[in-house]
Amino acid sequence: MRNERPYCLSIAGFDPCAGAGVLADVKTVEQLEIYGLGVVSALTYQNENNFEGLEWMQFFDIKKQLLPLLKYPVKAIKIGLIKDFALLEELLNFVKAVLKMYLSFGILF
840 MRNERPYCLS IAGFDPCAGA GVLADVKTVE QLEIYGLGVV SALTYQNENN
890 FEGLEWMQFF DIKKQLLPLL KYPVKAIKIG LIKDFALLEE LLNFVKAVLK
940 MYLSFGILF
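Position 71 (the sequence shown) corresponds to 910 in our numbering; numbering is contiguous.
(1) Kindly indicate the opening and closing residues of the alpha helix (DSSP H) around Gln870.
(2) Can you tell me which of the three DSSP states Ala881 falls into?
(3) Please state whether DSSP places Glu843 in a helix, a strand or coil.
(4) Rounded to the nearest angstrom, what separates Ser849 and Leu862 at their Cα positions?
(5) What is the DSSP secondary structure of Phe948, reduced to helix, strand or coil?
(6) Could you spell out where the beta strand (DSSP E) holding Leu905 opens and where it closes?
(7) According to DSSP, Gly875 sits in a beta bridge with which residue or residues?
(8) Classify Ala915 as buried or exposed, calling it buried when 16 or more other Cβ atoms lie within 10 Å of its own Cβ.
(9) Classify Phe924: buried if its beta carbon has 16 or more other beta carbons within 10 angstroms, exposed otherwise.
(10) Could you say which of Glu872, Gly875, Glu894 and Val913 lies nearest to Leu920 if we only look at CA atoms?
(11) What does a CB cutoff of less than 7 Å around Gly892 pick up in its chain, not counting 5 residues either side in sequence?
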């Protein structure tokens with residue numbers, strides 16, 4: 840994906856009516872002429888009037904979504920809805936390790 844605009848990665852819940860979460864984040868950064876990338880951390884069952892529930896994504900599934908996207912020269916990562924601090928810590932450690940590896944091998948940029 841060749842692109843002159845900066846990249847921003849959102850890790851957030853999936854709101855099917857796009858009022859919040861990863862869809863809203865991508866729409867917002869696109870309005871700012873930033874290329875939005877998204878990773879789903881939870882599936883929500885809702886519309887603009889009713890919240891019915893959610894299903895959390897496991898770290899393994901989040902990691903599978905993240906890995907191909909971290910090859911882009913991401914300038915910012917926005918983290919939204921995350922199950923708990925343990926998952927957040929695991930996620931941050933993974934992102935740091937992958938970016939460090941990519942930079943050391945010259946894969947980014």
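Cβ atoms here follow ideal geometry from the backbone N, Cα and C, with glycine treated the same way.
Considering the structure as presented:
(1) Gly860 to Gln870
(2) strand
(3) coil
(4) 9 Å
(5) Unreliable placement is indicated for Phe948, whose pLDDT of 47 sits below 50; the coordinate value is still reported in the next sentence. In the structure shown, Phe948 sits in coil (DSSP, three-state: anything other than H, G, I, E or B).
(6) That residue, Leu905, is in no beta strand (DSSP E); its alpha helix (DSSP H) goes Phe898 to Leu908.
(7) Cys847
(8) exposed
(9) exposed
(10) Glu894
(11) Tyr884
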